[in-house]
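These protein sequence lines map, in sequence, to chains A and B. Under the working numbering, the letters of the first sequence match residues 1 to 185, in that order. Under the working numbering, the letters of the second sequence match residues 1 to 185, in that order. Note that the Cβ used here is the ideal one computed from N, Cα and C, for glycine as well. Note that this is a predicted model, so its numbers are computed, not measured.
Number of protein chains: 2
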Amino acid sequence: MASVEFSRILSFFKALSDESRLKIVGALASNERSVEELATLLDLRAPTVSHHLAKLKEVGLVDMRSEGTTHIYHLVMSEMRLLAKRVLSLDAMETFTEDVVADAWERKILGDFFVGQRLKEIPASRKKREVILRWLVERFSAGKRYTEKEVNAIIGKHHPDFATLRRELICAKLLARESGIYWRT
Amino acid sequence: MASVEFSRILSFFKALSDESRLKIVGALASNERSVEELATLLDLRAPTVSHHLAKLKEVGLVDMRSEGTTHIYHLVMSEMRLLAKRVLSLDAMETFTEDVVADAWERKILGDFFVGQRLKEIPASRKKREVILRWLVERFSAGKRYTEKEVNAIIGKHHPDFATLRRELICAKLLARESGIYWRT
DNA sequence: GCTCTATTTTGATATATATCTAATTAGATG
DNA sequence: CATCTAATTAGATATATATCAAAATAGAGC
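See the structure below:
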C-alpha cells in the first residue's frame, strides 16, 4: 500500500525520534567513537548504547569498524543528507497516501448522500456539498449550452430543490451563466 | 543541559515518527483537509486523528482554521523546511552533546587509571591509552629538548615501565626523537 | 589454554503512546 | 430552545520500546 519511500522515511524518523539516539548522532557528528565512550558521554550502560547503535545502523545512519574488541562507530553522512533532502520534497510526501486512497472520502460522501441517482439531502458542510456538486456537474456535457429550464430538469432528476443546487453550481464556478444560458466551465 | 535546538529537533522527529502522523502530513501536502476527511482517508476514528493533529500542531507543523464546526487543517511548510534544513546542519548537531560533557570520558579514564600521579597500569585499549599518553606528554615542556635519561626519569615518576610508554609516545607522534634527543611535537 | 576487557544478546521491567469507545463541547439549523 | 453534526476530551487498553542487570561472545595478551 504505502510506497517504498514511505517506510524508508518513517524508519528514518523513528531512528532519530529518541533522545539518546539523537545525542549519539550529535556525539558522532564531531568524531567517531567507541561504545564505551558513548556510554560515558551519555551516562548510559553499554548495552543500552549498543541497542541504539544497532537501530541506527539498521537504517544506515551509522557504520562501524572493529579495532581489537572495541567497535568504533561513525556517522554515514551521505545517508543523513539523502534522507533529510527527501523530507524537504513535497512531491515525495504526497505519495505517502496514495491517490487511489485519496478519493476514498469522496466516494464515501457520495455513498452517504445518494440513494441510486437520488440525492437524499443537500449536505450542510461546504466540503461535502462540494463533492456532491462536482458529481452533479458531470451530468452536463462539456461545451454544450443549456437553457435554465434544461438545467432545472437535469438537476431535478436528482433532487427537488433544483434552484438551490443551480445557484450553488454557479457559486462554485462549476457552471457559468450569461443571459439565461448555462454551460460547464 | 541540552540546547534549545536540541529539544526542538527532537520534538520534530517525535512528531513525524508515527505512521499515521506521517500519512497525515502526506495527505495535507496536496490539500488542506478536515478531521473527518483525514479519518476516512487513513481509516481511523476521528478522535485518533484529532489526537495526532494536536501533536503536529504543538510543534507547529500544521495549523487549523474553523469553518462552522469543521476544523480544516493545513501544513505549515515554512516550519517543515526550517527544521529539515536544520537536520542537515552538522554544526547544530554537534551541540547536541555539549563540549563540557565531551571530555567527561577522558576525565573518567584518567580517574580510573591514576592513583594520584601514579599510573596503576597501561590501558590495553588504544583509545584509552591515547588519553593517558596525552596526559603524560603534558609533563614535558613544549620547545624544551630532553635526553633519553631525562625522558625515562619523567615517565618513571608515573609508571615503572618507562620504556614502553616512551615508545608509545613516539609512536603516537606526541614526542619526536632524533639522534637520542627528544622533544614535544 | 586462561584471563581480561569490550561488545552484544537475553530477559525483565517500567514507561510511553496509539487507538478505541463514551462523554463532552461547540456551531449551525430548524 | 431542541437537535444535529464535527470535533475534542476523558478514560481504558494494548502494544512498543528504552533501560538495566546478567549471561554469552569474541578478540588480545600472557
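- At a cut-off of 8 Å, the C-beta of W105(A) has a neighbouring C-beta in chain B.
- When CB distances to chain A are screened at a threshold of 7 Å, the residues of the segment 117-130 of chain B falling below it are S125, R126, K127, in chain order.
- By alpha-carbon distance to P160(B), the top candidate from C171(B), E121(B), R126(B), G180(B) is E121(B).
- By the neighbour-count definition (other C-beta atoms within 10 Å, threshold 16), H51(A) is an exposed residue.
- Under the Cβ distance rule, V87(B) counts among the residues neighbouring chain A, one pair being separated by less than 8 Å.
- Counting only the Cα atoms, H71(A) lies some 38 Å from T147(B).
- Our two residues, E32(A) and D63(A), have alpha carbons roughly 10 Å apart in a direct line.
- Taking a cut-off of 8 Å on C-beta distances, the segment 105-113 of chain A does not touch the segment 153-172 of chain A, as fewer than three cross pairs fall below it.
- For V62(A), the enclosing beta strand (DSSP E) covers residues 62-67.
- In the DSSP annotation of this structure, T185(B) is not part of any beta strand (DSSP E), being labelled neither H nor E.
- Contact fails between the segment 116-135 of chain A and the segment 33-49 of chain A, because fewer than three Cβ pairs, one in each stretch, are under 8 Å apart.
- Using a CB distance below 9 Å, the part of the segment 50-79 of chain A facing chain B consists of E67, G68, T69, T70, I72, L75, M77, ordered along the chain.
- A distance below 8 Å separates the beta carbons of E130(A) and A172(A).
- Out of F13(B), K127(B), F12(B), the CA that lies nearest to the CA of E37(A) is found in K127(B).
- Inside the segment 18-68 of chain B, DSSP marks whole alpha helix (DSSP H) runs of 4 or more residues at positions 19-30, 35-42, 46-58, from first to last along the chain.
- Under the Cβ distance rule, T40(B) counts among the residues neighbouring chain A, one pair being separated by less than 8 Å.
- Within the segment 138-170 of chain A, no residue has its Cβ closer than 8 Å to any Cβ of chain B.
- Rounded to whole angstroms, the separation of the alpha carbons of T164(B) and V25(A) is 36 Å.
- Taking C-beta separations shorter than 7 Å and ignoring five residues to either side along the sequence, the partners of V59(A) in its chain run S11, F12, A15, following chain order.
- Counting only runs of 3 or more residues that sit fully inside the segment 109-183 of chain B, the beta strand (DSSP E) segments are 145-147, 175-178, in chain order.
- As a beta-bridge residue in DSSP terms, L75(A) pairs with V62(A).
- In this structure L56(B) does not touch V35(B) by the C-beta definition: roughly 12 Å separates them, more than the 8 Å allowed.
- Straight across, the Cα-Cα distance linking I181(A) with L22(B) is about 47 Å.
- For L175(B), the CB contacts under 8 Å within the same chain, skipping 5 residues up- and downstream, are V137, F140, V151, R166, L169, Y182, W183, R184, T185 in chain order.
- A29(B) counts as buried, since no fewer than 16 other beta carbons sit within 10 angstroms of its beta carbon.
- By the rule that beta-carbons nearer than 8 Å mark a contact, S179(B) does not touch chain A.
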